[in-house]
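The structure appears right after this line, and notes come after that.
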Amino acid sequence: MQLLALVPKSILLMRAALRRQPRTALAAAGLLLLVALVWVLGPGAAWVLESVDGVTGLVGKDRAEALDAIRGRALTVTTGLAALVAVYYTARNAETTRRTYEVGQRQLALSEQGHLTDRYTKAIEQLGSSELAVRLGGIYALERIARDSARDHPTVMEVLTAFIRDPPPLAAPTLAPDADGRTRVEQAAYLRGRPRLRADVQAALTVIGRRTVENDAQDRRIDLAEADLAGADLAGTRLHGADLAQANLTDADLKKADLSGANLWRADLTRANLTGANAATAIFEGAKVTGLTLAGANLRDARFDGVNLAGLELDHRDVQEAILDKRPRSLSPDMALNPNPDEPP
Numbered sequence: 001m002q003l004l005a006l007v008p009k010s011i012l013l014m015r016a017a018l019r020r021q022p023r024t025a026l027a028a029a030g031l032l033l034l035v036a037l038v039w040v041l042g043p044g045a046a047w048v049l050e051s052v053d054g055v056t057g058l059v060g061k062d063r064a065e066a067l068d069a070i071r072g073r074a075l076t077v078t079t080g081l082a083a084l085v086a087v088y089y090t091a092r093n094a095e096t097t098r099r100t101y102e103v104g105q106r107q108l109a110l111s112e113q114g115h116l117t118d119r120y121t122k123a124i125e126q127l128g129s130s131e132l133a134v135r136l137g138g139i140y141a142l143e144r145i146a147r148d149s150a151r152d153h154p155t156v157m158e159v160l161t162a163f164i165r166d167p168p169p170l171a172a173p174t175l176a177p178d179a180d181g182r183t184r185v186e187q188a189a190y191l192r193g194r195p196r197l198r199a200d201v202q203a204a205l206t207v208i209g210r211r212t213v214e215n216d217a218q219d220r221r222i223d224l225a226e227a228d229l230a231g232a233d234l235a236g237t238r239l240h241g242a243d244l245a246q247a248n249l250t251d252a253d254l255k256k257a258d259l260s261g262a263n264l265w266r267a268d269l270t271r272a273n274l275t276g277a278n279a280a281t282a283i284f285e286g287a288k289v290t291g292l293t294l295a296g297a298n299l300r301d302a303r304f305d306g307v308n309l310a311g312l313e314l315d316h317r318d319v320q321e322a323i324l325d326k327r328p329r330s331l332s333p334d335m336a337l338n339p340n341p342d343e344p345p
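Take the sequence shown: its letter number 76 is residue 76 in UniProt numbering, and every next letter is one higher.
Structural data, given as structure tokens:
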């Protein structure tokens, strides 16, 4: 270790320089060590032997062996320093790579969020367009955003439900009316004997009904209270826990829909079709059910207080038991029967 005495004091000051200009300082230190190594391997070995080790008077083979030993120590020290430098640079490069990756990921996330924001803003603008095709494009653009971003999924659902509850006014019809004053669209609806739901509202309902529930960790309730959904195609849709209080569901197709836990208080279900629907624990208090089809529906623990069931065909055993019992057999404590069906539960 006596070789360390060869290191000038200036090298010890490199530590401060490393903090200010690490690359320049390390390059200078490396060059200085290389010069020192060359010097020790050459004529400097004799100086080290006599001035540092204090050995004098050796001649011949003994002197040669002593000089070789000094050179060997110099190489060992240099090799160790080189290894330390290599380890330092490896660790530093790994840290730099990690930080670069993290910065890149943050920038990518910011870029993606900015892109989503732009897409969202454009889709919202499209919803207010007077052109049906543009509104439909906005609805399906929002669906894509809800699928791509779990964070934006609840917001998209709230926007779509608000659109359904209060859609923008339609442009005045340009088609010539018939002899009875009906437009072509109204004529088609009249001939079918059922109302026609607006295409944009139907599209929004379809998007909500097939939404990715996994993207909504809090399972927020879909708010469609008082919405005009007459003639809506809701077959097979996911409306678990939806708020459909006082909604107009006249002639709505709800075959095999998931209405479990839904609130249908005072909803108009005239001629609606709930064949095979799952409406377990749903609330039907005060609802209009004239012509309602319930074949094969699951209505276990559903509530029908204040509902006129006259004229309904109740041919399914589970439906009969659920409707005819005054109080459902397995009613949960937090769903006590509403004593006044005229007030929302």
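A virtual CB, placed ideally from N, CA and C, is assigned to each residue, including glycine. It should be emphasised that the depicted structure is a prediction, and the values quoted were computed from it without experimental measurement.
(message) Let's test the definition: count the other Cβ atoms within 10 Å of the Cβ of Q107 and tell me whether it reaches 16, buried, or not, exposed.
(response) exposed
(request) May I ask you to list the residues that DSSP assigns as paired with R238? (result) D258
(message) If you measure between the beta carbons of N263 and L244, is that distance less than 8 Å?
(response) In this structure, N263 sits near L244, with a CB-CB distance shorter than 8 Å.
(request) Could you tell me which residues DSSP pairs with K288 in its beta bridges? (result) D268
(message) I want to know whether the stretch 88-101 touches the stretch 121-130 - three or more CB-CB distances under 8 Å.
(response) no
(request) List the DSSP bridge partners of T293. (result) N273
(request) Use the C-beta contact count for Q202: other C-beta atoms within 10 angstroms, 16 or more gives buried, fewer gives exposed. (result) Buried, by the Cβ-count rule.
(message) Give me the residue from R144, P168 and G104 with the minimum Cα distance to A123.
(response) R144
(message) Beta-carbon within less than 8 Å of T121's beta-carbon, same chain only, minus the 5 sequence neighbours each way: which residues are those?
(response) none
(request) Please report the residue range of the alpha helix (DSSP H) in which Q202 lies. (result) A199 to G209
(request) List the residues that DSSP assigns as beta-bridge partners of N278. (result) D258 and N298
(request) Would you mind reading off the limits of the alpha helix (DSSP H) that contains I222? (result) Element bounds for I222: n/a, residue is neither H nor E.
(request) Helix, strand or coil for N93, going by three-state DSSP, please let me know. (result) helix
(request) Identify the continuous alpha helix (DSSP H) that holds P154 and give its terminal residues. (result) H153 to R165
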